[in-house]
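In the UniProt record's numbering, the protein residues as written are 1 to 190.
C-beta atoms are modelled at their ideal positions from N, C-alpha and C, and glycine is treated no differently.
Only one structure is covered here, and it is reproduced in the block below.
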Amino acid sequence: MAESTASVGRSGSEIEAASVSRFEHLIDIPFSEKMIDSLIALFNYFDIYAPRMELLYTIITFLRFFQLIGGSFMAANLDSFAENTLAQKVVSVITVLFHVVPLEYRRGNEMIILGVVNGILLIMGIYLQVTAFSYKSTSKVPKASLLILSVYLAIGPFLLVPISAQYTGQLLSAYIQGTCHNMLQVWYLY
């Protein structure tokens with residue numbers, strides 16, 4: 001009779017994470033490897049313990065749909081919609097769903113909006129990394145951080161990054177057309 005043994009499979013990321021942790025005090029591991037290792041551990045924790053927010057996911061999916069078709073309106077193009085017309089006002093209201101700021105308030109303020117959106121992304125990215133390092137060293141995540149980061153991970157990559165890309169594209173387009181007269185706006189992009 002053949003004897004059977006049970007074996008447990010491990011994924012590549014678990015093996016890699018275990019090897020990084022095992023050699024951490026023996027060799028000098030690059031900071032980027034430690035960062036990736038801590039983020040993998042935190043995301044595994046989130047996958048198990050993060051609250052499921054079905055209503056938020058549904059709302060994000062709805063808004064994401066409007067973001068995907070929103071570019072086809074070309075709302076910021078003055079050739080398509082003349083200023084102070086009914087069509088321009090209707091499109092301006094509709095663009096709130098995917099560009100956050102109505103069209104009449106957006107013109108000339110793209111840099112401020114882009115700075116705010118990128119600032120939120122940067123602050124939350126730093127907060128995510130700090131929480132990941134904290135989790136890696138203490139094996140605990142505060143409930144507030146779990147909730148805040150769960151909401152951010154549902155919203156940030158799906159809504160804020162496309163908004164940032166849209167305003168960056170709008171500024172570059174204005175620069176190419178020659179309607180952007182403030183060179184500081186262009187240098188901010190780099």
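{"Asked": "Taking a contact to mean a Cβ-Cβ separation below 8 Å, would you say S173 touches M53 in this structure?", "Found": "no"}
{"Asked": "If you follow the alpha helix (DSSP H) that D47 is part of, which residue opens it and which one closes it?", "Found": "31-49"}
{"Asked": "For I120, which residues in the same chain have their Cβ closer than 7 Å to its Cβ, ignoring the five residues on either side in sequence?", "Found": "L160"}
{"Asked": "Could you have a look at T95 and say whether DSSP puts it in helix, strand or coil?", "Found": "coil"}
{"Asked": "Which stretch, first to last residue, makes up the alpha helix (DSSP H) that contains K140?", "Found": "Element bounds for K140: n/a, residue is neither H nor E."}
{"Asked": "Can you tell me which of S32, N77, S164, F158 puts its alpha carbon nearest to the alpha carbon of Y57?", "Found": "F158"}
{"Asked": "Have a look at A41, S164, I40, I176 and flag the residue whose alpha-carbon is nearest the alpha-carbon of I112.", "Found": "S164"}
{"Asked": "Which residues in the same chain have their Cβ closer than 6 Å to the Cβ of L103, if we skip the five residues on either side of it in sequence?", "Found": "A75, S92, T95"}
{"Asked": "Just the C-alpha distance for I29 and P142, rounded to the nearest angstrom, thanks.", "Found": "27 Å"}
{"Asked": "Nearest to L78 by alpha carbon, out of I60, R106, F98, A154?", "Found": "R106"}
{"Asked": "Do you know whose CA, among L114, T138, S145, I155, lies nearest G169's CA?", "Found": "L114"}
{"Asked": "Is the distance from the Cβ of I60 to the Cβ of I155 below 8 Å?", "Found": "yes"}
{"Asked": "Can you say whether F81 is buried or exposed, counting buried as having 16 or more other CB atoms within 10 angstroms of its CB?", "Found": "buried"}
{"Asked": "Would you call D47 buried or exposed, if buried means 16 or more other Cβ atoms sit within 10 Å of its Cβ?", "Found": "exposed"}
{"Asked": "Secondary structure at E54, three-state DSSP: helix, strand or coil?", "Found": "helix"}
{"Asked": "With 16 as the cutoff for other CB atoms within 10 Å, does L147 come out buried or exposed?", "Found": "exposed"}
{"Asked": "For residue 195, name the three-state secondary structure that DSSP assigns.", "Found": "Residue 195 is absent from the structure shown; the chain starts at 1 and stops at 190."}
{"Asked": "Relative to the C-alpha of G108, which residue among G125, L171, Y135 is closest?", "Found": "L171"}
{"Asked": "Does DSSP put I148 in a helix, a strand or coil?", "Found": "helix"}
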